[in-house]
Structure formats: structure tokens, C-alpha cells
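Reminder that position 27 of the sequence shown reads as 27 in UniProt numbering, one-by-one numbering, no gaps.
The C-beta atom is built at its ideal place from N, Cα and C for all residues, glycine as well.
All values reported here derive from a predicted model rather than from experimental measurement.
Take a look at the structure below.
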Amino acid sequence: MNQTLCEESYPWFMTLHAGDVLLPHAKKEIEGWLETSPDNSAGYILNTARTQGSAEISKKTPSSPAQAPQVPLLWRTELVLNDPSPGFTAIEKFPFQKYVLTDKMLELSTRYEWTEVVSNSIFRHERKAPAWMKESEEWHALWPLLQATAQGYKQAPLTGCSPLVTIALCTYNDGAYLPWAVRSVMAQTCEAWELVILDDGSTEERTSHYLMRLPPDPRINLIRQKQNSGKAQALNRILNVAKAAWLLELDADDWLSPFALERLLLRADMEQGVALIYADHIEWVERASKQLIYQGVRAAPASMSPSKLLDEAPAVAPRMYDVSVLKQLGGWDHHHVYGGRLYEDIALLMKLSRSHELLHVPEALYHRRLRMSSMTHRHPHQYAIWKNSMKDKISTPEAGNQSSGQNAHE
């Protein structure tokens, strides 16, 4: 679409879907709308909910819908191609391409209005997704991020403020996923963050290309190292430069809910002496086509102990650590089997759960992508070896937290 728009010079363009119908007199009806188009209108949205009759025009700015809103029928070309984000967002920056028109509509809604019309010559095809796609749940999970990102286009980055959270993002050849992860950070309702991206010796050109073109935000700090050191050592390097009192891990192929930092920091203010605050997450499965399929909310364990973590290996995300506690413990261990390249998260949780208070927030604040090319999926049989090597790390009797005094949760 972007290439076509750049090659054409028409002031307006129309977007249709397979199955949409235009009757012969649609041309005359459209010409009538455009002749009276308001200067502050980004385009026209067809209201299919009303009874079809004579054309009826009203100003409309999309609000929070229970399902994906009707996308525009007609767009003003120059507005779509203008900054701050020219054109429609490509798949490498927006993995949910079925909502790419909605994404642009929301962005333009922060500066312009949409003109709503009722037509007796244009009919939208009512498409129904298969039940397994869970489209309603999918939209409910995505809407907050789309809305928050749109609002961010009209706000200047927060400057001159000390960060409350350091977001640690380690990447190794993740260029296909990084833009979406970074976008979720930029959309946070809490703006007092710093994002430290550590490029752990990436060799992929796409990753290097993106890292050279990171958003121009002073809160983003890029560290590059020539040799790949593994996740544990990469995280420790970020820990050493972290400016905030809290550190939150973000995997390069995952993303945050827009209110993740706000909710976690709120609990941090309410609870004293907590070494880790963690929450639930939403799980997505990536198909071979790169399509993401909504799987549902995955609840984190309400309490943790070394033996429970070792036996069950739960996926715990997000994880926000007290930086001072991490430094006292020496950070992430890279001296055991696999050198901290695998299961470094479980190892650290085991260490923390022995003697520190952990707080569970029962709310989905993170989105976790399951993909076959991930380290964990490429090494499905390695956990048994690692688990066996870690058994001597568990004290007997367990110094973990079976009592409510050790793991705080709701």
C-alpha cells in the first residue's frame, strides 16, 4: 500500500476488503461527500450499523470499542503519508497486520476527525473469524497498546527526570521482533523509565539496521559488544549501568502491556522490602507464517520455592527486581551448566526465593511470544541436564518460602 500511495498523486484513496460491494451509483455518492469534506477530516468511515438510506454525515473520533472498530473507507492521502510515522506500519514493526488500518486510523485521530457516513450504495462484507482464533480476546489484549501508542504520537518524550525502572532488553539477531518490543516500552503510561538495549554480538544485518535507527528518545541507551556472551552475562552488564532502583527484563520477542510499569511501581510503593515483583502474562503462539495466535492469560505461581521452581520451570513474566538486591546476590549466575545461556531466569528466581520476599500481582501485564526458533524450543532436552546439575543448589530443609511471610501475594 505504501508503495502504491507514493507512486500515485490522488488526494484521496479508498480501502476495500474482499467481499465489499459498490453499486453503480457509489461514484456519485462519494463525489458528493468529498465536495463538502471538512478541512480537519482525515477521511470517511462507513457506519454499517445504521439502516441504509440517504447519506448522513456526522463527525466521529473512535473511542474504546468492545471489538475492532470499522476502518475508514476513504483516506486523505497527504495525511497518511505525513510524519510522525509516514504510511502504514510495515509487518516488521507491527506483527498484527490485520489491524494495520486501525492502527493508522487511531494515530490520525489524535490530530484530525473522521467523518462518519451512511450509504445506500456501498456495503461492507461482514467477515467472521473462526472460533479458534479468539478474535474478541485478541482485540481486547491489543487495544490498550494501540490506543497508548496513538496517544504517544502527540507527546514529547519525558526528559530531565531520573528513571524509576531500568528495562533490560538483550538481543541477539532479533531484528524481526525488536521494533514491536521497543514500541511497547515507548507506549508506557509511566514515562519514568530507561531502556537499555544490549546487542550481544548480533551478526544479522536486519538487527544492525534497526539498532542504527532506534527512536530518537534520550531514555534509550544502546550497548554493543562484538562477541556473544550469553543472556546471563549480558544482563549483568546492564545491571552494572542501571540508573533506576528497579530492573525489569523484557525479552526481544515479547512486549509489555502499556500500564505494566505503572501497576508494578504502584505495588512497589505499597510494599516495602520486596526483592521481586512479578505478574501474569498473555501467551501468543507464532505460526510458521509469523501470524500470532492468542492463547490466553497464563497465571504465574502465587508463591515460589527452589524445589517448586526446579520441578515445574514456570514461565514467570514480567519480573521486576530490586537492583540493590540483585547486586548483593551477584546478579545472574553464568558459571553453571550452559554458562547462563539457558534457564538463567529460573536460577535467579531459585536464589531469590530462598531468602527474600517476592510479590505476585494477579494481573496480565506482559505478552509472551512462543516461537519454534527460540533458544528454549531449540534445546528441548537440555532442561533435564540443567535441572540435575542444580539439585545440589536446593538446601534441606528448604530455606524457601512456604509461609506467607516469605512470598507476598494476593
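Item                                                                                                                                                     : Value
Can you tell which of SER289, ARG111, GLY339, GLN328 has the C-alpha that lies nearest to the C-alpha of ARG371?                                         : SER289
Using the three-state DSSP reduction, which class does GLY339 fall into: helix, strand or coil?                                                          : helix
Tell me the start and end of each unbroken alpha helix (DSSP H) in the region 155-230 that is at least 4 residues and wholly inside, in chain order.     : 178-186, 205-211
What does a CB cutoff of less than 7 angstroms around LEU352 pick up in its chain, not counting 5 residues either side in sequence?                      : ALA275, LEU276, LEU358
Let me make sure I understand the geometry here. Which of LEU265, VAL285, ASN236 has the alpha-carbon closest to that of ALA245?                         : LEU265
Between the Cα of ASN82 and the Cα atoms of CYS6, PRO72, THR207, which residue gives the shortest distance?                                              : CYS6
Could you check what DSSP says for VAL80 in three-state terms: helix, strand or coil?                                                                    : helix
DSSP three-state call for GLU357: helix, strand or coil?                                                                                                 : strand
Considering only C-alpha positions, which residue in the set GLY43, ARG124, TRP143 is nearest to TYR112?                                                 : GLY43
Whose CA, out of GLU107, ARG124, TYR99, lies closest to the CA of LEU73?                                                                                 : ARG124
In terms of DSSP beta bridges, what is SER9 paired with?                                                                                                 : In the DSSP output, where bridge partners are listed per residue, SER9 has none listed.
Ignore the nearest five residues each way along the sequence and tell me which others in ASP322's own chain have a CB closer than 6 angstroms to its CB. : ALA275
Since TRP143 sits in a beta bridge, which residues does DSSP pair it with?                                                                               : Answer is none; TRP143 lacks a bridge partner.
Would you mind reading off the limits of the beta strand (DSSP E) that contains ILE277?                                                                  : 274-286
Should ASN40 be labelled buried (16 or more other beta-carbon atoms within 10 Å of its own) or exposed?                                                  : exposed
Does the region 161-176 touch the region 188-195, meaning 3 or more C-beta pairs lie closer than 8 angstroms?                                            : yes
DSSP beta-bridge partners for SER305?                                                                                                                    : Beta-bridge pairing links SER305 to no other residue.
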